[in-house]
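Below is one structure, written out as structure tokens, with a few remarks after it.
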Amino acid sequence: MSEICISNLVYGESYTSIFLNFHLKSLLENLSANNPFTKSYYLIFTAESNVATIEAHPNYKELKKYLNVFFLKIPDHELTYNARYQIQGTQLTNTAQFAVTNNLLMYMATADHYFGPNFFEKALAYFDQGFDALVHQPIRSTYETAAPSLMGPQITIDELLEIGLNNSHPVWVTENWDSPNFTKYPYQITWSDDRSVCLRGFSLGITIVVAKDWMTTVGGCTDMTFLPHLTNPYFSKDWSELPMIELCHLISFYPPFSTKRANAKEIADWAKTAVPPDNFKNLSKYIIFKKTTDPVNPELITRSEVIAKEIMAYGGLDVK
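With the working numbering as the guide, the letters of the sequence shown map in order to residues 41 to 360.
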């Protein structure tokens with residue numbers, strides 16, 4: 041299986057601009073260098089009034105050379121920021137139905153995803169090995185400061201890593217275990233040295249999956265609801281395997297800060313009310329963000345594992 045259905049919810053002037061000028065730019069850089077698709081699709085869920093803006097952009101016109109593109113129009117009054125998660129549920133149902141019917145891989149993208157070189161070529165190789173999903177985490181970066189560095193020609197994987205980390209979003213920064221202002225919402229936790237970052241989380245990103253019937257009814261955010269149902273997911277441990285960043289607005293997810301340092305029991309108590317019980321075991325997985333030329337720091341992995349096991353134990357898991 042090598043054909044895919046990519047789906048995206050595009051709303052608001054700013055996210056539409058990111059979608060057109062950065063998301064599609066990086067997608068086209070991948071497809072123009074090596075297009076692995078011959079009969080694949082891109083579904084754009086957007087407001088009726090936004091269609092003309094998207095259609096007029098040169099990157100949209102270029103996209104149609106590589107993929108079959110369709111709009112799923114949403115009445116303007118329904119597509120609001122506060123309603124985005126409900127609409128994403130509709131997006132998921134429709135995308136999954138289309139992908140299952142047409143025997144396609146499925147990728148629920150977002151307008152702020154920016155891909156590094158050879159992203160799709162690398163991704164498809166894992167499905168050739170028999171995996172049914174890719175579990176991966178992009179770097180969460182600040183759009184306002186990262187964007188100027190992404191406007192030129194395609195950059196290397198290591199250059200994308202530097203841009204992503206040097207422009208880390210405040211939400212990402214406050215997730216660091218050593219932060220004096222640890223996040224109020226520790227869906228993910230990071231540990232770092234001077235050259236790399238290790239991430240563990242209750243929430244793990246699902247990128248591309250083999251579409252199945254159950255995906256049409258499971259609902260919710262895929263990082264919370266998909267993982268228990270997957271039979272053979274690939275858990276990426278190295279960000280450079282599937283290089284991508286998220287270009288998040290500075291105002292997104294505020295206020296993330298607390299006035300305290302991280303505490304394993306407090307994190308577990310929070311998670312008991314914020315995530316499904318099964319998500320505690322996700323902390324046993326990790327992903328490393330580093331340059332391709334740098335070695336992995338095993339001490340960083342070990343340190344994070346000790347803390348992750350403590351959190352899981354407070355969550356009621358039998359941790360050995």
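Using N, Cα and C, we set each Cβ at its ideal position, and we do this for glycine too.
Quantities reported herein were computed from a predicted structural model and do not represent experimental measurements.
One or two residues paired with residue i in a DSSP bridge
i	result
D278	I328
R343	Paired residues: none, contrary to the question.
V250	L145
A87	I114
G241	Q228
N319	Answer is none; N319 lacks a bridge partner.
I44	L145
R301	BP columns for R301 are empty, so no partner.
I179	I285
N108	Y81
N216	T230
L49	F85
S208	S181
P296	Beta-bridge pairing links P296 to no other residue.
P273	A173
Nearest-angstrom beta carbon gap, residue j and residue i [assumed within contact, 8 Å]
i	j	result
S181	H153	Contact flag wrong, Cβ pair sits at about 11 Å.
F171	Y274	4 Å
R124	W231	Their Cβ separation, rounded to whole angstroms, is 31 Å, which puts R124 and W231 out of contact at 8 Å.
V249	M146	5 Å
I372	S80	No answer is possible for residue 372: the residues shown for the chain start at 41 and end at 360.
I94	T135	At roughly 18 Å, the Cβ-Cβ gap does not stay under 8 Å, so I94 and T135 are not in contact.
P76	L164	6 Å
V91	F111	5 Å
I327	W279	6 Å
Beta-carbon spacing of residue i, residue j below 7 Å
i	j	result
T332	I197	yes
V211	F293	yes
A173	A251	no
N122	I84	no
M352	V346	no
G129	G245	no
R240	D334	no
L290	E215	no
A302	F242	no
Y82	L119	no
H176	L282	yes
E286	P178	yes
T256	T141	no
V237	F329	yes
E350	A311	no
A186	I58	no
G355	A308	yes
N337	D233	yes
L68	E102	yes
A87	D116	yes
Considering only residues of the segment 150-177, which uninterrupted beta strand (DSSP E) runs meet the minimum length of 3 residues and lie entirely inside it, listed in chain order? Those beta strand (DSSP E) runs which fall completely within the segment 150-177 and span 3+ residues are 153-155, 173-175.
Below 8 Å, how does it come out for the segment 197-211 and the segment 257-274: are there three or more Cβ pairs, yes or no? With the cut-off at 8 Å, the segment 197-211 and the segment 257-274 do not touch.
Segments of 3+ residues assigned as beta strand (DSSP E) that fall wholly inside the segment 114-149: Taking only runs of at least 3 residues, the beta strand (DSSP E) segments lying wholly in the segment 114-149 are 145-148.
Whether or not the segment 152-170 and the segment 56-74 are in contact is what I'm after, with contact meaning three or more pairs of Cβ atoms, one per stretch, closer than 8 Å; do they touch? yes
The segment 308-324 touching the segment 222-241, judged by at least three CB pairs closer than 8 Å: yes
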